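Worksheet: the structure to be examined is printed underneath.
Residue numbers (my numbering): 2 to 157.
So, in C-alpha cells, the structure goes:
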C-alpha cells in the first residue's frame with residue numbers, strides 16, 4: 002500500500018469565504034488552547050506553536066485565483082501575490098519585535114519573578130514570528146523574481 006497522493010485530489014482553499022472560515026476556526030482553536038491543563042507557560046507556548054502550524058498549513062492549502070490547484074506549491078511560496086506577502090511579513094516582523102521587546106523587558110525587569118512563566122512563550126513567539134516574516138518576505142522576493150523572468154504575462 003502506497004502513501005502516494007498524486008492520483009487523488011488535494012484539499013485546496015480558493016474562495017475568500019473558505020479562507021475566512023479557516024482563519025476563524027484556527028483562531029478559535031488557538032484561543033481555546035488554554036483549556037488544556039498545561040499551566041500558564043504551557044498555554045502560551047501551545048498558542049504560539051498552534052498559530053505557527055495553522056499559518057504554515059494555511060499557506061499550503063490556500064490558492065490564489067491564478068494558481069493551479071493541483072500541484073503542490075513550491076516550498077518557498079506562502080502567498081499568491083507580492084503585496085500580501087509583504088503585508089503579512091511586516092505583521093509577523095512586528096509581532097516578533099514586540100515579543101522580543103517584551104521578553105527583554107521582563108528579563109531585565111526588577112520583578113521578573115511575577116511573570117517568569119511568560120518568558121518561554123514570549124521567546125518562542127518572537128522566534129516563530131521572525132521565521133514567518135522571513136518566509137513571507139522570501140515568498141514575495143521569489144514572486145518578484147519570477148515575474149521579472151516572464152514580463153509578458155506578469156505571472157510566474
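All residues carry an ideal CB built from backbone N, CA and C; glycine is no exception.
None of these values were measured; they are calculated from a predicted model.
Using C-beta distances below 7 Å, list every residue in its chain close to residue i, excluding the 5 sequence neighbours before and after it, in chain order.
i: residue 142; result: none
i: residue 49; result: 122, 125, 126 and 129
i: residue 1; result: Nothing about residue 1 can be reported from this structure: the residues present for the chain run from 2 to 157 only.
Could you check what DSSP says for residue i in three-state terms: helix, strand or coil?
i: residue 157; result: Below a pLDDT of 50, predicted positions are generally treated as unreliable, and residue 157, at 47, falls in that range; the measurement from the model is reported next regardless. Coil.
i: residue 75; result: coil
i: residue 84; result: helix
i: residue 121; result: helix
i: residue 1; result: Residue 1 lies beyond the range of the chain shown here (2 to 157); nothing can be said about it.
i: residue 130; result: helix
i: residue 141; result: helix
i: residue 2; result: Low confidence applies here, because residue 2 scores a pLDDT of 34, under 50, leaving its location unreliable; read the following figure in that light. The answer is coil: DSSP assigns residue 2 none of H, G, I, E or B.
i: residue 110; result: coil
i: residue 8; result: In this predicted model, residue 8 has a pLDDT of only 49, less than 50, meaning its place in the structure is not dependable; the value taken from the coordinates is given anyway. Coil at residue 8, not helix or strand.
Provide the residue(s) that pair with residue i in DSSP beta bridges, ordered along the chain.
i: residue 63; result: 14
Less than 8 Å between C-beta atoms, sequence neighbours within five positions excluded: which residues of the same chain meet that for residue i?
i: residue 17; result: none
i: residue 86; result: 79, 80, 137, 138, 140, 141 and 144
Just to check, is the beta-carbon of residue i closer than 7 Å to a non-hydrogen atom of the ligand MG?
i: residue 117; result: The model on display carries no ligand, and the ligand MG is accordingly not part of it.
Practice item. Counting only runs of 3+ residues fully inside the region 13–52, write out the beta strand (DSSP E) ranges in chain order. Key: none
Review point. Do the region 46–66 and the region 79–96 make contact, defined as three or more Cβ pairs closer than 8 Å?
Key: yes
Practice item. Assess, as a yes-or-no matter, whether the region 20–29 is touched by the region 43–59 under the definition of 3 or more beta carbon pairs within less than 8 Å. Key: yes
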